[in-house]
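K.L.:
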Amino acid sequence: MAEHKKYYINVPGALVEVSEDIYFAYYQEKRRGRTLREKDERNGAVSYDGLDTPELTGQEMIPNRDAVSVEDAAIANILRGELRRCLALLDEPDRQLIQALYFENLSEREYATKAELHYMTVHNRKTRLLRQLKKMLEK
7 MAEHKKYYIN VPGALVEVSE DIYFAYYQEK RRGRTLREKD ERNGAVSYDG
57 LDTPELTGQE MIPNRDAVSV EDAAIANILR GELRRCLALL DEPDRQLIQA
107 LYFENLSERE YATKAELHYM TVHNRKTRLL RQLKKMLEK
């Protein structure tokens, strides 16, 4: 009678007896992983983990293409400051209109109802104010 062959997997600290199916599946996956690593080495692939430093991980060094650049953030900050300066030069009703439409997200009709004005009056004032602000910002 033929004896059954025993299969073992080396687990840190011990050899564990497993079925033939598990043994072959385990070592097939190990060979696959080794093959992929060798392929990466031949093709010059670099692991992000290889870029780790004491201060940063390799993944943290990858630039975020969706992030706003420092230059764009600085320009936006300067423009916001200029816009605040220009808004401060407007009279109170005009400043309230801009505040309601652009900072409180009210529609022209909602503001017209709130201020008891015709909606076309609000629209025309907004258009005039935007042209005025544009001229002020261009100076």
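According to the numbering used here, the sequence shown is numbered sequentially starting from 7. Built from N, CA and C at the ideal position, the CB exists for glycine as well.
#1: Are the beta-carbon atoms belonging to M126 and L95 less than 8 Å from one another?
#2: Check the DSSP bridge columns for N16 and list the partner residues they point to.
#3: Could you compute how far the alpha carbon of V128 sits from the alpha carbon of K145?
#4: Would you mind sorting E66 into buried or exposed? The rule is 16 or more other CB atoms within 10 Å of its CB.
#5: Could you tell me whether the Cβ atoms of L42 and C92 are closer together than 8 Å?
#6: Work out the CA separation of E44 and T197 for me, nearest whole Å.
#7: Alpha carbon to alpha carbon, how far is N130 from E110?
#8: Are L135 and D100 close, meaning C-beta to C-beta below 8 Å?
P.N.:
Answer, in terms of the structure:
#1: no
#2: L21
#3: 26 Å
#4: exposed
#5: no
#6: Summary: the structure shown does not reach residue 197, with the chain confined to residues 7 through 145, and so no result is reported for it.
#7: 19 Å
#8: yes
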